[in-house]
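A.B. asks: Each residue of the sequence shown is one higher than the one before, counting from 1 in UniProt numbering. The C-beta atom is built at its ideal place from N, Cα and C for all residues, glycine as well. As the structure is a prediction and not an experimental result, all values here were calculated from the model. There's a structure below that I have some questions on.
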Amino acid sequence: MKILVVGSGGREHALCWSIAKSPLCEKLYCAPGNAGISEVAECLPIKAEDLDAIIDFVSKSAIDFVVVGPEAQLVDGLVDRLEEINVPAFGPSAAAAEMEGSKGFMKDFCAKYNIPTANYQRFTDLPSAKKYLDEQGAPIVIKTDGLAAGKGVTVAMTLSEAHTAVEEALSGRAFGAAGAEVVIEEFMQGEEASFFVLTDGENYLPLASAQDHKRVGEGDTGPNTGGMGAYSPAPVLTPELEQQVLDRCIKPTIDGMKAEGHPYKGVLFAGLMLTDTGPRLIEYNVRFGDPECQALCLRLKSDLLPALLASAKGGIDKITLDWHDETALLVVMAAKGYPASYEKNTVIKGVDDANQDPAVTVFHAGTTTGNDGSLQAIGGRVLGVTALGTDIKEAQEKAYQAVDKITWPEGFCRRDIGWRELAR
């Protein structure tokens with residue numbers, strides 16, 4: 001098969017790395033890819049958001065299957081456009097991708113199908129939103145309705161912080177059109193975890209659990225980022241709790257979307273809060289998590305491609321996947337200054353040395369190859385140093401040993417990924 005992966009992050013590197021190993025894959029392309037992806041796929045000078053150019057390339061190159069990595073292209077209807085030209089694609093339709101594209105849609109859907117989640121209200125005007133905040137008190141959570149690249153959530157510990165968050169969103173200053181509506185939710189107490197399933201719109205195949213570290217600083221402090229590290233599995237999500245998630249969240253979602261006339265195909269990524277009353281849904285994402293995807297791909301023994309194809313074409317219930325028993329742990333190396341502004345085109349050395357350990361794989365996110373052949377950082381989150389270990393302690397040790405082989409003065413990482421699990 002000739003396959004195209006759309007995207008340029010660490011998630012897409014992990015997907016390309018997995019797909020390239022499949023005997024079903026004859027030729028692999030990535031649009032636009034990155035320096036790491038170029039080692040396993042042919043990178044194309046096509047931006048992920050240029051849907052017309054992607055459709056044109058797919059048509060002219062007789063591509064057999066497209067794997068869409070990022071959420072924005074799913075919400076914009078890339079899968080629908082590919083289906084119009086009879087090319088199967090991994091990922092939900094635009095209507096089904098509203099599960100991430102609109103927080104309000106997702107919350108209303110959960111209410112309709114009795115899926116456990118935080119109590120909420122939706123607002124488009126500031127006076128009503130502020131009145132509701134004053135009635136509810138803090139702590140409280142404010143979310144932009146639309147996509148905000150992982151930045152549209154404020155966990156406000158004080159009312160003044162909450163007022164500022166709704167003012168910035170509804171004024172249009174902070175998030176543009178994505179913040180034209182806000183969802184205000186109750187603050188849920190507990191520990192966060194992620195759970196992933198593949199679905200073909202009828203049946204589902206559970207993948208694995210993970211936990212990530214969203215905040216930039218050690219001890220989970222400072223501003224939220226796209227994720228500074230992750231590990232899989234998450235022991236806190238026991239088999240009993242996983243079954244509750246499948247019964248109370250996943251199955252009603254798949255059945256509900258089918259009943260609504262928008263069958264959900266692709267990966268369903270449930271962000272969960274493990275509360276005293278059981279798992280409750282924080283949000284759904286309609287694509288693999290980044291950095292969780294890298295940890296999942298490293299743990300997967302089986303060929304991933306048949307599972308992705310079954311999700312698109314049907315028959316996911318016929319697929320079985322084997323996993324390594326080990327823990328995978330990933331440390332994100334980011335540019336100094338991230339998640340605010342940072343320097344670009346800085347040189348990274350030592351990645352090949354880090355990759356020498358057979359238990360380690362360094363996934364690339366914001367990288368490019370300079371004119372002189374050097375590896376250069378062009379993004380905020382740049383590398384995902386991922387290691388397998390018999391337990392979380394060994395995986396963490398191996399990951400940081402690999403990090404220490406990389407020379408990049410303009411970069412930084414957290415040194416405590418996995419700390420909650422180690423503390424247990």
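Could you check which residue in T221, G9, V385 has the C-alpha nearest to that of G366?
C.D. replies: When each option's Cα is compared against that of G366, the closest is G9.
A.B. asks: Classify K265 as helix, strand or coil using the three-state DSSP reduction.
C.D. replies: In the structure shown, K265 sits in a strand (DSSP, three-state: E or B).
A.B. asks: Report all residues from its chain with a CB closer than 7 Å to the CB of A177; omit the five preceding and five following residues, and keep chain order.
C.D. replies: The answer, listed in chain order, is G146.
A.B. asks: Could you please give the first and the last residue of the uninterrupted beta strand (DSSP E) stretch that includes Q73?
C.D. replies: Element bounds for Q73: not the beta strand (DSSP E) but the alpha helix (DSSP H), 71-75.
A.B. asks: Given a cut-off of 9 Å, decide if K21 and I3 are closer than it, judged by their beta-carbon atoms.
C.D. replies: Cβ distance not < 9 Å, so I3 and K21 don't count as in contact.
A.B. asks: For chain D, check one thing: does any of its Cβ atoms lie closer than 9 Å to the Cβ of A387?
C.D. replies: In summary, chain D is missing from the structure at hand, where a single protein chain is found.
A.B. asks: Contact check, H262 vs A14 under 8 Å by CB: the rounded distance?
C.D. replies: Contact doesn't hold; Cβ gap of about 28 Å is too wide.
A.B. asks: Tell whether a beta-carbon distance below 9 Å holds between V347 and W419.
C.D. replies: In this structure, W419 does not lie closer than 9 Å to V347 by Cβ.
A.B. asks: In the structure shown, what three-state DSSP assignment does residue 438 receive?
C.D. replies: Shown here, the chain extends from 1 to 424; a query on residue 438 therefore has no answer.
A.B. asks: Between the Cα of V216 and those of G226, A210, A208, spot the shortest distance and give me the residue it belongs to.
C.D. replies: Of G226, A210, A208, the residue nearest in Cα terms is G226.
A.B. asks: Between the region 277-296 and the region 232-247, can you find at least three pairs of beta-carbon atoms closer than 8 Å?
C.D. replies: The answer is yes - the region 277-296 touches the region 232-247, with three or more Cβ pairs under 8 Å.
A.B. asks: Could you give the first and the last residue of the continuous beta strand (DSSP E) run that contains E192?
C.D. replies: Note, E192: beta strand (DSSP E), 191-200.
A.B. asks: How big is the Cα-Cα spacing for W323 and A210?
C.D. replies: Those two C-alpha atoms are separated by around 14 Å.
A.B. asks: With DSSP collapsed to three states, give me the class of H364.
C.D. replies: Strand, per DSSP.
A.B. asks: Can you check whether the CB of D200 is closer than 9 Å to the CB of A310?
C.D. replies: Cβ atoms of A310 and D200: closer than 9 Å.
A.B. asks: For a quick check, are the C-beta atoms of P32 and I46 less than 9 Å apart?
C.D. replies: Contact: yes.
A.B. asks: Suppose you measure from the CA of E191 to the CA of K103; what does that come to, to the nearest Å?
C.D. replies: Their backbone Cα atoms lie some 21 Å apart in a straight line.
A.B. asks: Around the Cβ of L24, are there at least 16 other Cβ atoms within 10 angstroms (buried) or fewer (exposed)?
C.D. replies: Classification of L24: exposed, given that the 10 Å Cβ count is below 16.
A.B. asks: Using only the alpha-carbon positions, how far apart do R415 and M257 sit?
C.D. replies: Approximately 41 Å, taken between the alpha carbons.
A.B. asks: Pick out whichever of D404, N285, K405, P235 has its Cα sitting closest to the Cα of A423.
C.D. replies: Minimum Cα distance to A423 is reached at P235.
A.B. asks: Excluding the 5 residues flanking Y132 on each side, which residues of the same chain have their C-beta closer than 8 Å to its C-beta?
C.D. replies: So the qualifying residues of the chain are Q121, F123, I184.
A.B. asks: Can you tell me whether P358 is buried or exposed, with buried defined as 16 or more other CB within 10 angstroms of its CB?
C.D. replies: Flag for P358 reads exposed.
A.B. asks: DSSP three-state call for A354: helix, strand or coil?
C.D. replies: A354 falls in the helix class under three-state DSSP.
A.B. asks: Identify every residue that forms a DSSP beta bridge with Y338.
C.D. replies: According to DSSP, which records beta bridges pairwise, Y338 is partnered with nothing at all.
A.B. asks: Within 10 angstroms of the Cβ of N285, are there 16 or more other Cβ atoms? Answer buried if so, exposed if not.
C.D. replies: Burial call: buried.
A.B. asks: Helix, strand or coil, according to DSSP, for T154 in the structure here?
C.D. replies: Residue state, collapsed to three classes: strand.
A.B. asks: Mapping the DSSP letters down to three states, classify Y204 as helix, strand or coil.
C.D. replies: Strand at Y204.
A.B. asks: Distance check for D50 and P233, CA to CA, integer angstroms please.
C.D. replies: Distance between the alpha carbons of P233 and D50: 35 Å.
A.B. asks: With H, G and I counted as helix, E and B as strand and the rest as coil, what does DSSP make of A312?
C.D. replies: In the structure shown, A312 sits in a helix (DSSP, three-state: H, G or I).
A.B. asks: I'd like the span of the alpha helix (DSSP H) that includes P279, first residue to last.
C.D. replies: Counting along the chain, P279 falls outside any alpha helix (DSSP H), though it belongs to the beta strand (DSSP E) covering 278-285.
A.B. asks: Can you tell me whether A162 is buried or exposed? The criterion is at least 16 other CB atoms within 10 Å of its CB, across all chains shown.
C.D. replies: It is buried - the Cβ of A162 has at least 16 other Cβ atoms within 10 Å.
A.B. asks: Quick one: is P127 buried, meaning 16 or more other Cβ sit within 10 Å of its Cβ, or exposed?
C.D. replies: Answer is exposed; the Cβ neighbour count stays below 16.
A.B. asks: Assuming G219 is part of the alpha helix (DSSP H), what are its boundary residues?
C.D. replies: Unbroken run through G219: none, as it is neither H nor E.
A.B. asks: Spell out a yes or no on whether the region 326-334 and the region 376-390 are touching, meaning 3 or more CB-CB pairs, one atom from each, closer than 8 Å.
C.D. replies: The region 326-334 is in contact with the region 376-390.
A.B. asks: Mind checking whether P291 and G222 have CB atoms under 9 Å apart?
C.D. replies: Taking 9 Å as the Cβ cut-off, P291 and G222 do not qualify as a contacting pair.
A.B. asks: Where does T225 sit, in a helix, a strand or coil, going by DSSP?
C.D. replies: Coil at T225, not helix or strand.
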